[in-house]
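Peer 1: Pasting in a structure now, in structure tokens, and then I'll have a few things to ask.
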């Protein structure tokens, strides 16, 4: 469709839901006018219109957290957009990967586990410490404590695997996964960073990779 078919509101704006291309996670809700949309398409990076400042702003202009546009899709009424992006850094000004990390309601009956959900829960314990939280305790103690726990859990996985005890190994892998994710949040490593690294590896010959790592 042509962009001239889009329906901007009385202020000349259209809501743009920004979504991570890899995880499909909603990153932020912003607004575009005709000019910022044209800039976004022309430059291949998100440009929005700030309602508070009444001016254009390119995401990452000061922070470096640029969002590279993969696709832009309009809804059925042509009055809202979904913008899929590959991001260079956190989407939120707080340092969170997504602006949506404040839980309001979660159905106990229908909720499902996801690595993204766990990552954001851990991230929330760092940005908004909670008294009595083990995760907050780890962040308070710092990197050395987190690394110590990762090392301990690695050992537990090895012990469980060596005994060929499947249930114990699963339990310890879960513990290791959690502590590795705490380390990731501490170091500013996102799930997307790891995903991109794994994506690169399927095109690398195994032997060449091993030789390079030695």
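Numbering (full-length UniProt numbering), first residue to last: 1 to 214.
All C-beta atoms, glycine included, are put in the ideal place defined by N, C-alpha and C.
(1) Alpha carbons only, please: which of 108, 9, 198, 112 is nearest the one belonging to residue 81?
(2) Keeping to the same chain, check which residues put their C-beta closer than 6 Å to that of residue 214; ignore five residues upstream and five downstream.
(3) Taking only three categories from DSSP, how would you classify residue 213?
(4) Cβ atoms of residue 160 and residue 172: under 7 Å apart, would you say?
(5) Figure out for me which residue from 116, 132, 201 has the closest Cα to the Cα of residue 216.
(6) Going by beta-carbon coordinates alone, are residue 39 and residue 29 separated by less than 7 Å?
(7) Counting Cβ pairs, one atom from each stretch, are 3 or more of them under 8 Å apart for the region 125-142 and the region 150-158?
(8) Let me check understanding here. Comparing Cα to Cα, which of 42, 54, 139, 119 lies closest to residue 13?
(9) List the whole-angstrom C-beta distance separating residue 192 from residue 20, where the pair is believed to meet the contact cut-off of C-beta under 8 Å.
(10) With respect to the beta strand (DSSP E) encompassing residue 47, which residues constitute its N-terminal and C-terminal limits?
(11) Could you name each continuous alpha helix (DSSP H) segment of 4 residues or more that falls completely within the region 114-148, going from the start of the chain to the end?
(12) In this structure, how does DSSP classify residue 37 when only helix, strand and coil are distinguished?
(13) If distances are taken between C-alpha atoms only, which option among 63, 158, 162 comes closest to residue 95?
(14) Going by beta-carbon coordinates alone, are residue 104 and residue 88 separated by less than 7 Å?
(15) Can you tell me whether residue 88 is helix, strand or coil according to DSSP?
(16) When the Cα atoms are used, what is the spatial distance from residue 3 to residue 45?
(17) According to DSSP, what are the bridge partners of residue 102?
(18) Residue 70 and residue 84 look like a contact to me (Cβ under 8 Å); what is the Cβ gap, rounded to whole Å?
(19) Candidates 136, 147, 68, 86: which alpha carbon is nearest residue 43's?
(20) In three-state DSSP terms, what is residue 189?
(21) Need the endpoints of the beta strand (DSSP E) that residue 55 sits in, please.
(22) Would residue 139 be called buried (16 or more neighbouring beta carbons within 10 Å of its own) or exposed?
Peer 2: Concretely, from the data shown:
(1) Among 108, 9, 198, 112, the Cα nearest to that of residue 81 belongs to 9.
(2) Residue confidence is low: residue 214 scores 49 on pLDDT, short of 50, so the model does not pin down where it sits. No coordinate-derived value is stated.
(3) Because residue 213 sits at a pLDDT of 49, beneath the cut-off of 50, its placement in the model cannot be relied upon, and the following sentence gives the value as read from the coordinates. Shown here, residue 213 sits in a helix according to DSSP, grouped into three states.
(4) The Cβ atoms of residue 172 and residue 160 lie closer than 7 Å to each other.
(5) Lying outside 1 to 214, the shown extent of the chain, residue 216 is not represented and no answer is given.
(6) At a Cβ-Cβ threshold of 7 Å, residue 39 and residue 29 do not count as neighbours.
(7) Verdict: no, contact absent.
(8) Of the listed residues, the one whose Cα sits closest to residue 13 is 54.
(9) At roughly 7 Å, the Cβ-Cβ gap stays under 8 Å, so residue 192 and residue 20 are in contact.
(10) Note, residue 47: beta strand (DSSP E), 47-50.
(11) Secondary structure within the region 114-148: the alpha helix (DSSP H) runs of 4 or more consecutive residues, fully enclosed, are 115-127, 134-141 (chain order).
(12) It is helical.
(13) Nearest of 63, 158, 162 to residue 95, Cα basis: 63.
(14) Contact flag unset, no.
(15) Residue 88 sits in coil when the DSSP states are folded into three classes, being neither helix nor strand.
(16) Straight-line Cα distance between these residues: approximately 17 Å.
(17) For residue 102, which the question treats as bridged, DSSP gives no partner whatsoever.
(18) That belief holds up - the Cβ atoms of residue 70 and residue 84 are roughly 4 Å apart, short of 8 Å.
(19) Distances from the CA of residue 43 to each of 136, 147, 68, 86 were compared; the closest alpha carbon is that of 68.
(20) Annotated three-state conformation of residue 189 is coil, per DSSP.
(21) From DSSP, the beta strand (DSSP E) with residue 55 extends over 55-58.
(22) Taking all protein chains in view, the Cβ of residue 139 is crowded by 16 or more other Cβ atoms within 10 Å, so the residue is classified as buried.
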